[in-house]
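The sequence shown maps to residues 5 to 495 in the numbering used here. Glycine residues also receive a C-beta, built at the ideal position from the N, C-alpha and C atoms.
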Amino acid sequence: MGKGITRRDVLKLSGLTLGGLAMGNTAVAGDCKAQPLDPTKRNDLIDSLPPFYPGKETLSPIEMRITFVGTSFLPRLAQECNSIFVEVGGGKNGEALDQFIFDCGSGVVAKYNALGIPMRKMDKIFLTHLHGDHMSDLTHIYLFGPAQDRKTPLYIWGPGPSGLTDPIDSHVYNDDGLNVFCQKFRDMLRWHTESFSFLSTSYQNYDPPTKADWGLPVNPLPIVPTIGPPDPTNADGYGVGGYSVVPIQLDWTKNGDKDNNIAYYNAATGVKITHFPMIHARKGSIGYKLEWKGMSMIFSGDSRPSYEMINQASGVNVLIHEMVVPAEVWAAKNLGYRTPSEAYSDPNFQSALTVANAVQASSHTPQGALGYILSQIQPPPKLAVATHFQATDDTIRSAFDSIRNHYPNGDVTIAADLMVLTVTANKVIKRKAVVNDYAWYPLAQLSDKLAEPKYHDDQGNMDPTAQIDQTELIPPGTDAKGNPTYDPSGY
5 MGKGITRRDV LKLSGLTLGG LAMGNTAVAG DCKAQPLDPT KRNDLIDSLP
55 PFYPGKETLS PIEMRITFVG TSFLPRLAQE CNSIFVEVGG GKNGEALDQF
105 IFDCGSGVVA KYNALGIPMR KMDKIFLTHL HGDHMSDLTH IYLFGPAQDR
155 KTPLYIWGPG PSGLTDPIDS HVYNDDGLNV FCQKFRDMLR WHTESFSFLS
205 TSYQNYDPPT KADWGLPVNP LPIVPTIGPP DPTNADGYGV GGYSVVPIQL
255 DWTKNGDKDN NIAYYNAATG VKITHFPMIH ARKGSIGYKL EWKGMSMIFS
305 GDSRPSYEMI NQASGVNVLI HEMVVPAEVW AAKNLGYRTP SEAYSDPNFQ
355 SALTVANAVQ ASSHTPQGAL GYILSQIQPP PKLAVATHFQ ATDDTIRSAF
405 DSIRNHYPNG DVTIAADLMV LTVTANKVIK RKAVVNDYAW YPLAQLSDKL
455 AEPKYHDDQG NMDPTAQIDQ TELIPPGTDA KGNPTYDPSG Y
């Protein structure tokens, strides 16, 4: 499918005969779930992939695994906002030796949870830029990680300030980069972090990584709270607890041509991650390249078509690049139409089209432009993956037509949530994760003895009532007059 659209593929993407038995307005697919025939409401490309069962398969020492957790800018049930999870093999018992999150837009935590990815593995997050659809679920990851099994700091990489001049008051923006973002982020969430600190949120002994350990461009210094002084009982001031935030701010102008653009280089795991500038919305947007054991992956984040990408992507195993529908499709969909032809007579169409064109001129790569980029990369990527794209049969068919006009032969696919790539030196296997829509948190695994909670009793045990006013509390068992209330067990 990824190598070209055949007549059989067109039939499949049109929802006519393949993949199921037509029954009225639905088709019964192989998994016995009724699928709509409407090509705007189905994605046969992702549904045709063989299954991947999270937690049932080890990761070999020569494998990289890339899981697409969110693949859209538009939040919708089928596709959450942007995020990928990358693991490299070689850990104990077939586990990952190292792992990383690239972007974490709204809605993705539910899918991380469904995939069985524990919070302890969600401690290194690389942000391409600070748009909400790329970082809004950072809040949930940060706040609920220490209540699960991430008892160590949250490390966040991202671009520094834009340096742009404000058109109204002429001040220079030196405060719109990652460091200031993380400071404000930490401070605004104080109520939550304090309220959860009757739980143990750190280990008794934790040796934080140094600049040399991770090959960082800056010293990994934790955010110091501006609300009250650092307190010996508050791990923030020491950078060792789960509510510590450690920003690794990157110079977004660097590309490795004449300067050092390394964001992370862990000699122990062999993973090297570099960054380079992208063209998106405002100065201060970057892409990332991960290299490990001779394999490589690029994640563009958001960008307009860029010569920088052509240079960076030469010979990569997997290129993950953003793509958007043509502006007229974008405008028509935003007005509630299935196709542009249905929208042409709408008096609001031209204004919607003007806005869509402006957004794309500011920020994005249309599908034909992605095809051109791929045609210029030499040697080409072993697999190119378009993401940030609202993937349904109608848009997928159109996108492949546009891409193939420029890039007729290379392996290309279009991402949807839960697509999983297993990457080795000479091959990339595409599958779809099978998950439980009703999953609870994965089993917590702790690596050391827990430290005393911040809010504790005289014995050092957690004190869950230390921060609440119990004057009007209805107690379990019996009330103050000896009248029965409710069972302490909760039943």
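Cross-strand partners of residue i (DSSP beta bridge)
i      : result
Asn270 : Val275
Gly74  : Ser87
Lys431 : Thr428
Trp296 : Met299
Asp102 : Val92
Ile252 : Trp161
Val322 : Met301 and Leu387
Ile290 : Pro281
Lys128 : Tyr159
His460 : Met466
Tyr207 : Leu454
Arg80  : Gln83
Thr482 : Pro488
Val328 : Pro370
Ala437 : Phe56
Val176 : Thr169
Cβ-based burial, residue i [other Cβ within 10 Å; buried from 16]
i      : result
Met192 : exposed
Trp195 : exposed
Ile345 : A small fix is needed here, since residue 345 is Ser in this sequence, not Ile. Result: exposed.
Arg80  : exposed
Asn487 : exposed
Tyr57  : exposed
Thr237 : Its pLDDT being 46, under 50, Thr237 is placed unreliably by the model, and the measurement read from it follows with that caveat. Thr237 comes out exposed.
Asn264 : exposed
Leu225 : exposed
Glu91  : buried
Ala388 : buried
Ile145 : buried
Asn465 : exposed
Thr489 : exposed
Ala420 : buried
Asn518 : Since the displayed the chain opens at 5 and closes at 495, residue 518 lies outside it and no answer follows.
His135 : buried
Met299 : buried
Lys96  : exposed
Leu20  : The predicted position of Leu20 is uncertain, since its pLDDT is 33 and thus under 50; a value taken from the coordinates is nonetheless stated next. Looking at its Cβ environment, which holds fewer than 16 other Cβ atoms inside 10 Å, Leu20 is exposed.
Ala336 : buried
Asp483 : exposed
Asp48  : buried
Glu84  : buried
Val322 : buried
Ser3   : No answer is possible for residue 3: the residues shown for the chain start at 5 and end at 495.
Ala216 : exposed
Thr62  : exposed
Met416 : The amino acid at residue 416 is misidentified as Met; the sequence shows Val. Looking at its Cβ environment, which holds 16 or more other Cβ atoms inside 10 Å, Val416 is buried.
Beta-carbon gap between residue i and residue j smaller than 9 Å
i      : j      : result
Ile129 : Ile160 : yes
Ala272 : Ile252 : no
Pro55  : Arg342 : no
Gly245 : Thr278 : no
Gly319 : Trp296 : no
Gly305 : Asn86  : yes
Thr391 : Ile324 : yes
Pro468 : Ile377 : no
Tyr445 : Gln152 : yes
Thr132 : Phe148 : no
Pro332 : Ala362 : Going by the sequence as given, residue 332 is Glu instead of Pro. Contact: no.
Tyr269 : Lys262 : no
Met327 : Ile418 : yes
Gln382 : Arg124 : no
Ile212 : Thr156 : For clarity, residue 212 is Pro in the given sequence; the question names Ile instead. Closer than 9 Å, so yes.
Arg154 : Asp180 : no
Ala470 : Pro385 : no
Val432 : Leu425 : yes
Cβ-heavy atom distance, residue i to the ligand GDP, below 8 Å
i      : result
Leu294 : Looking at this structure, you won't find the ligand GDP or any other ligand, since it has none at all.
The stretch 338 to 356 / the stretch 277 to 292 touching (three or more Cβ pairs under 8 Å): no
The stretch 385 to 396 contacting the stretch 353 to 360, beta-carbon criterion three pairs below 8 Å: no
The stretch 116 to 129 contacting the stretch 437 to 444, beta-carbon criterion three pairs below 8 Å: yes
Cβ contact (3+ pairs, closer than 8 Å) linking the stretch 455 to 471 and the stretch 65 to 73: no
Validate contact between the stretch 403 to 410 and the stretch 369 to 388 using beta carbons, cut 8 Å, 3 pairs: yes
Segment contact, 8 Å Cβ cut-off, at least three pairs: the stretch 100 to 112 with the stretch 127 to 143: yes
Length at least 4, wholly inside the stretch 365 to 435: the alpha helix (DSSP H) runs in chain order: 371 to 380 and 397 to 410
Whole runs of the alpha helix (DSSP H) within the stretch 45 to 73, excluding any shorter than 4 residues: 48 to 51
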